[in-house]
Amino acid sequence: MRKLFPSELIFQIFALLAAFIIVHAIYVALIRPNAEAFQTEEQIRLEQNADYEPQRSIYVVLRDFEQEVCFVLMLWALSILGYKAARIRRQNTQLRLDLVGLPEGEYVSVETAEQASSLIRKRLTPEAQDYLLSRVMLAAIDRFSATRSVQDASSVVHSTCDAEAERAESELSIIRYIAWAIPSVGFIGTVRGIGNALGQAHRAVEGDITGVTESLGVAFNSTFIALLISIVLMFLIHALQSSQERLVLDVRRYCDDWFVRRLRS
4 MRKLFPSELI FQIFALLAAF IIVHAIYVAL IRPNAEAFQT EEQIRLEQNA DYEPQRSIYV
64 VLRDFEQEVC FVLMLWALSI LGYKAARIRR QNTQLRLDLV GLPEGEYVSV ETAEQASSLI
124 RKRLTPEAQD YLLSRVMLAA IDRFSATRSV QDASSVVHST CDAEAERAES ELSIIRYIAW
184 AIPSVGFIGT VRGIGNALGQ AHRAVEGDIT GVTESLGVAF NSTFIALLIS IVLMFLIHAL
244 QSSQERLVLD VRRYCDDWFV RRLRS
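Counting from 4, one number per residue, gives the positions in the sequence shown under the working numbering.
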(Lines of atoms letter the chains of each structure in order from A and count residues from 1; the text may use other names and numbers.)
(Lines give C-alpha, C1' and ligand atoms only; values in the text may rest on other atoms or scores of the structure.)
Protein backbone atom coordinates (compact mmCIF):
# COMPACT_ATOMS: atom_id res chain seq x y z
CA MET A 1 0.00 0.00 0.00
CA ARG A 2 2.88 2.38 0.66
CA LYS A 3 4.01 1.94 -2.94
CA LEU A 4 0.62 2.71 -4.39
CA PHE A 5 -0.28 5.67 -2.19
CA PRO A 6 2.11 8.18 -3.82
CA SER A 7 0.82 7.26 -7.28
CA GLU A 8 -2.76 7.80 -6.13
CA LEU A 9 -1.82 11.13 -4.57
CA ILE A 10 -0.10 12.24 -7.77
CA PHE A 11 -3.17 11.13 -9.73
CA GLN A 12 -5.41 13.26 -7.51
CA ILE A 13 -3.19 16.33 -7.94
CA PHE A 14 -3.05 16.02 -11.72
CA ALA A 15 -6.77 15.24 -11.84
CA LEU A 16 -7.49 18.52 -10.04
CA LEU A 17 -5.28 20.47 -12.44
CA ALA A 18 -6.86 18.78 -15.45
CA ALA A 19 -10.37 19.44 -14.12
CA PHE A 20 -9.60 23.13 -13.66
CA ILE A 21 -8.07 23.48 -17.13
CA ILE A 22 -10.92 21.67 -18.88
CA VAL A 23 -13.75 23.45 -17.07
CA HIS A 24 -12.14 26.89 -17.32
CA ALA A 25 -11.49 26.41 -21.04
CA ILE A 26 -15.15 25.49 -21.61
CA TYR A 27 -16.30 28.53 -19.65
CA VAL A 28 -13.99 30.92 -21.47
CA ALA A 29 -14.65 29.53 -24.94
CA LEU A 30 -18.33 28.58 -24.74
CA ILE A 31 -20.43 29.38 -21.69
CA ARG A 32 -19.57 33.00 -20.86
CA PRO A 33 -19.52 34.29 -24.48
CA ASN A 34 -22.89 32.65 -25.18
CA ALA A 35 -24.32 33.98 -21.92
CA GLU A 36 -23.24 37.54 -22.75
CA ALA A 37 -24.59 37.26 -26.30
CA PHE A 38 -27.92 35.91 -25.03
CA GLN A 39 -28.29 38.70 -22.46
CA THR A 40 -27.48 41.33 -25.09
CA GLU A 41 -30.16 39.93 -27.38
CA GLU A 42 -32.69 39.83 -24.56
CA GLN A 43 -31.94 43.43 -23.63
CA ILE A 44 -32.45 44.55 -27.23
CA ARG A 45 -35.78 42.72 -27.43
CA LEU A 46 -36.96 44.28 -24.16
CA GLU A 47 -36.09 47.74 -25.44
CA GLN A 48 -37.98 47.10 -28.68
CA ASN A 49 -41.02 45.48 -27.04
CA ALA A 50 -42.05 46.37 -23.50
CA ASP A 51 -44.41 43.35 -23.35
CA TYR A 52 -41.72 40.84 -24.23
CA GLU A 53 -41.20 38.07 -21.65
CA PRO A 54 -37.50 37.38 -21.03
CA GLN A 55 -36.38 33.83 -21.71
CA ARG A 56 -33.94 31.73 -19.71
CA SER A 57 -30.74 30.24 -21.06
CA ILE A 58 -28.63 27.43 -19.64
CA TYR A 59 -25.56 29.53 -20.41
CA VAL A 60 -26.79 32.29 -18.11
CA VAL A 61 -27.53 29.77 -15.37
CA LEU A 62 -23.99 28.35 -15.58
CA ARG A 63 -21.92 31.45 -16.23
CA ASP A 64 -20.89 32.59 -12.73
CA PHE A 65 -17.67 31.72 -10.94
CA GLU A 66 -19.37 29.67 -8.23
CA GLN A 67 -20.83 27.30 -10.81
CA GLU A 68 -17.43 26.98 -12.44
CA VAL A 69 -15.85 26.01 -9.11
CA CYS A 70 -18.64 23.48 -8.52
CA PHE A 71 -17.98 21.81 -11.87
CA VAL A 72 -14.23 21.72 -11.20
CA LEU A 73 -14.86 19.99 -7.89
CA MET A 74 -17.36 17.63 -9.49
CA LEU A 75 -14.94 16.60 -12.23
CA TRP A 76 -12.18 16.12 -9.65
CA ALA A 77 -14.42 13.93 -7.50
CA LEU A 78 -15.52 11.90 -10.52
CA SER A 79 -11.92 11.22 -11.48
CA ILE A 80 -11.12 9.98 -7.95
CA LEU A 81 -14.25 7.84 -7.95
CA GLY A 82 -13.31 6.38 -11.32
CA TYR A 83 -9.79 5.60 -10.12
CA LYS A 84 -11.09 3.75 -7.06
CA ALA A 85 -13.82 1.98 -9.02
CA ALA A 86 -11.27 0.71 -11.56
CA ARG A 87 -9.08 -0.60 -8.75
CA ILE A 88 -12.04 -2.40 -7.17
CA ARG A 89 -12.90 -3.94 -10.52
CA ARG A 90 -9.36 -5.27 -10.93
CA GLN A 91 -9.48 -6.73 -7.44
CA ASN A 92 -12.79 -8.43 -8.19
CA THR A 93 -11.21 -10.24 -11.13
CA GLN A 94 -8.72 -11.81 -8.71
CA LEU A 95 -11.58 -13.53 -6.90
CA ARG A 96 -11.99 -15.77 -9.95
CA LEU A 97 -8.46 -17.14 -9.59
CA ASP A 98 -7.45 -20.25 -7.66
CA LEU A 99 -4.76 -18.92 -5.37
CA VAL A 100 -4.59 -22.10 -3.32
CA GLY A 101 -3.50 -24.25 -6.25
CA LEU A 102 -4.97 -27.51 -4.92
CA PRO A 103 -7.85 -29.68 -6.14
CA GLU A 104 -11.21 -28.90 -4.59
CA GLY A 105 -11.79 -30.87 -1.41
CA GLU A 106 -8.11 -31.54 -0.68
CA TYR A 107 -6.87 -30.40 2.71
CA VAL A 108 -4.21 -27.70 3.07
CA SER A 109 -1.25 -28.59 5.24
CA VAL A 110 1.68 -26.44 6.30
CA GLU A 111 3.73 -27.63 3.32
CA THR A 112 0.99 -27.03 0.76
CA ALA A 113 0.23 -23.64 2.33
CA GLU A 114 3.84 -22.58 1.83
CA GLN A 115 3.62 -23.82 -1.76
CA ALA A 116 0.51 -21.68 -2.24
CA SER A 117 2.39 -18.69 -0.83
CA SER A 118 5.23 -19.24 -3.33
CA LEU A 119 2.67 -19.63 -6.13
CA ILE A 120 1.03 -16.32 -5.26
CA ARG A 121 4.34 -14.45 -5.18
CA LYS A 122 5.52 -15.95 -8.47
CA ARG A 123 2.21 -15.83 -10.32
CA LEU A 124 1.08 -12.31 -9.45
CA THR A 125 2.68 -8.98 -10.23
CA PRO A 126 3.78 -6.71 -7.34
CA GLU A 127 0.69 -4.57 -7.89
CA ALA A 128 -1.61 -7.61 -7.82
CA GLN A 129 0.08 -8.83 -4.65
CA ASP A 130 -1.03 -5.61 -2.99
CA TYR A 131 -4.70 -6.37 -3.71
CA LEU A 132 -6.82 -7.27 -0.71
CA LEU A 133 -7.24 -10.96 -1.53
CA SER A 134 -3.51 -11.49 -2.03
CA ARG A 135 -2.63 -9.67 1.18
CA VAL A 136 -5.18 -11.61 3.20
CA MET A 137 -4.08 -14.95 1.76
CA LEU A 138 -0.37 -14.27 2.31
CA ALA A 139 -0.96 -13.04 5.85
CA ALA A 140 -3.08 -16.10 6.71
CA ILE A 141 -0.51 -18.47 5.20
CA ASP A 142 2.35 -16.85 7.08
CA ARG A 143 0.44 -17.02 10.37
CA PHE A 144 -0.56 -20.64 9.78
CA SER A 145 3.00 -21.61 8.88
CA ALA A 146 4.33 -19.94 12.02
CA THR A 147 1.76 -21.14 14.55
CA ARG A 148 0.18 -24.18 12.83
CA SER A 149 -3.11 -22.92 14.24
CA VAL A 150 -6.25 -22.80 12.12
CA GLN A 151 -7.82 -20.36 14.57
CA ASP A 152 -4.92 -17.92 14.20
CA ALA A 153 -5.18 -18.06 10.40
CA SER A 154 -8.93 -17.40 10.58
CA SER A 155 -8.34 -14.48 12.96
CA VAL A 156 -5.84 -12.95 10.53
CA VAL A 157 -8.37 -13.18 7.69
CA HIS A 158 -11.08 -11.41 9.67
CA SER A 159 -8.83 -8.78 11.24
CA THR A 160 -7.24 -7.90 7.89
CA CYS A 161 -10.64 -7.60 6.23
CA ASP A 162 -11.91 -5.41 9.06
CA ALA A 163 -8.84 -3.18 8.78
CA GLU A 164 -9.35 -2.93 5.02
CA ALA A 165 -12.97 -1.90 5.50
CA GLU A 166 -11.91 0.88 7.88
CA ARG A 167 -9.14 2.01 5.54
CA ALA A 168 -11.51 2.13 2.55
CA GLU A 169 -13.97 4.14 4.63
CA SER A 170 -11.28 6.66 5.60
CA GLU A 171 -10.12 7.04 1.99
CA LEU A 172 -13.59 8.26 1.04
CA SER A 173 -13.15 11.28 3.31
CA ILE A 174 -11.66 13.45 0.54
CA ILE A 175 -14.60 12.68 -1.76
CA ARG A 176 -17.09 13.33 1.03
CA TYR A 177 -15.36 16.64 1.68
CA ILE A 178 -15.77 17.59 -1.97
CA ALA A 179 -19.44 16.60 -1.84
CA TRP A 180 -19.82 18.87 1.20
CA ALA A 181 -17.83 21.72 -0.35
CA ILE A 182 -19.93 21.93 -3.53
CA PRO A 183 -23.17 23.06 -1.78
CA SER A 184 -21.07 25.39 0.36
CA VAL A 185 -19.69 27.06 -2.77
CA GLY A 186 -23.25 27.34 -4.05
CA PHE A 187 -24.32 29.07 -0.85
CA ILE A 188 -21.38 31.46 -1.22
CA GLY A 189 -22.83 32.44 -4.58
CA THR A 190 -26.21 32.89 -2.90
CA VAL A 191 -24.77 35.22 -0.28
CA ARG A 192 -22.85 37.16 -2.93
CA GLY A 193 -25.91 37.54 -5.11
CA ILE A 194 -28.17 38.65 -2.26
CA GLY A 195 -25.50 41.07 -1.07
CA ASN A 196 -25.25 42.64 -4.52
CA ALA A 197 -29.03 42.83 -4.74
CA LEU A 198 -29.24 44.65 -1.41
CA GLY A 199 -26.50 47.01 -2.56
CA GLN A 200 -28.68 48.03 -5.52
CA ALA A 201 -31.91 48.39 -3.55
CA HIS A 202 -31.89 52.17 -4.05
CA ARG A 203 -32.13 51.65 -7.83
CA ALA A 204 -35.13 49.36 -7.35
CA VAL A 205 -36.82 52.10 -5.33
CA GLU A 206 -36.27 54.46 -8.25
CA GLY A 207 -37.87 51.90 -10.60
CA ASP A 208 -34.81 50.19 -12.09
CA ILE A 209 -34.92 46.57 -10.93
CA THR A 210 -32.53 45.18 -13.55
CA GLY A 211 -29.54 45.03 -11.24
CA VAL A 212 -31.55 43.50 -8.40
CA THR A 213 -33.04 40.75 -10.57
CA GLU A 214 -29.65 39.95 -12.10
CA SER A 215 -28.04 39.65 -8.67
CA LEU A 216 -30.86 37.46 -7.38
CA GLY A 217 -30.41 35.30 -10.48
CA VAL A 218 -26.78 34.79 -9.48
CA ALA A 219 -27.90 33.76 -5.99
CA PHE A 220 -30.49 31.21 -7.07
CA ASN A 221 -28.55 29.82 -10.04
CA SER A 222 -25.47 29.01 -7.99
CA THR A 223 -27.50 27.17 -5.34
CA PHE A 224 -29.51 25.31 -7.97
CA ILE A 225 -26.43 23.99 -9.80
CA ALA A 226 -24.57 23.14 -6.59
CA LEU A 227 -27.47 21.10 -5.19
CA LEU A 228 -27.94 19.21 -8.46
CA ILE A 229 -24.26 18.29 -8.59
CA SER A 230 -24.29 17.27 -4.93
CA ILE A 231 -27.24 14.91 -5.46
CA VAL A 232 -25.50 13.11 -8.32
CA LEU A 233 -22.17 12.96 -6.51
CA MET A 234 -23.63 11.56 -3.30
CA PHE A 235 -25.31 8.78 -5.27
CA LEU A 236 -21.99 7.81 -6.87
CA ILE A 237 -20.23 7.91 -3.49
CA HIS A 238 -22.76 5.51 -2.00
CA ALA A 239 -22.39 3.23 -5.03
CA LEU A 240 -18.61 3.14 -4.60
CA GLN A 241 -18.93 2.49 -0.88
CA SER A 242 -21.26 -0.43 -1.57
CA SER A 243 -18.72 -1.85 -4.03
CA GLN A 244 -15.97 -1.59 -1.43
CA GLU A 245 -18.07 -3.34 1.19
CA ARG A 246 -18.99 -6.13 -1.23
CA LEU A 247 -15.33 -6.62 -2.10
CA VAL A 248 -14.37 -7.05 1.56
CA LEU A 249 -17.19 -9.51 2.15
CA ASP A 250 -16.32 -11.49 -0.99
CA VAL A 251 -12.66 -11.69 0.01
CA ARG A 252 -13.59 -12.89 3.50
CA ARG A 253 -15.93 -15.52 2.04
CA TYR A 254 -13.31 -16.63 -0.49
CA CYS A 255 -10.66 -17.11 2.19
CA ASP A 256 -13.04 -18.94 4.51
CA ASP A 257 -14.37 -21.29 1.82
CA TRP A 258 -11.20 -21.96 -0.18
CA PHE A 259 -8.48 -21.79 2.45
CA VAL A 260 -9.38 -21.63 6.15
CA ARG A 261 -11.89 -24.47 6.12
CA ARG A 262 -9.40 -26.72 4.34
CA LEU A 263 -6.55 -26.15 6.76
CA ARG A 264 -5.26 -29.11 8.73
CA SER A 265 -2.46 -28.72 11.24
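Backbone N, C-alpha and C define an ideal beta-carbon position, used for all residues, glycine too.
- In the three-state reduction of the DSSP assignment, L127 falls in the coil class, being assigned neither a helical nor a strand state.
- Rounded to the nearest whole angstrom, the C-alpha separation of A166 and N224 is 43 Å.
- In the structure shown, V103 falls within a coil segment according to DSSP collapsed to helix, strand and coil.
- Leaving aside the five residues that flank W79 on each side, the residues in its chain whose CB is nearer than 7 Å to its CB run, in chain order, A18, L19, A22 and I181.
- Cα atoms of R265 and E172: separation of roughly 31 Å, rounded to the nearest angstrom.
- One thing to note: I83 has its Cβ no nearer than 8 Å to the Cβ of Q247.
- For the pair T226 and G192, the CB atoms are nearer than the 8 Å cut-off.
- By the criterion of at least three beta-carbon pairs nearer than 8 Å, the region 100-117 is not in contact with the region 43-62.
- In this structure A131 does not touch T163 by the C-beta definition: roughly 17 Å separates them, more than the 8 Å allowed.
- Between the region 231-241 and the region 109-125 there are fewer than three inter-stretch CB-CB distances shorter than 8 Å, so the stretches are not counted as touching.
- Annotation note: the region 115-168 contains the following uninterrupted alpha helix (DSSP H) runs of length 4 or greater, listed N- to C-terminal: 129-132 and 135-150.
- Our two residues, V254 and V31, have alpha carbons roughly 48 Å apart in a direct line.
- Look at the beta carbons and you see the region 148-159 not touching the region 31-45: under three pairs across the two are nearer than 8 Å.
- DSSP, read as helix, strand or coil, puts L266 in strand.
- CA-to-CA, the gap between R179 and S137 works out to about 28 Å.
- Classified as buried, Q70 has 16 or more neighbouring CB atoms from the shown chains inside 10 Å of its CB.
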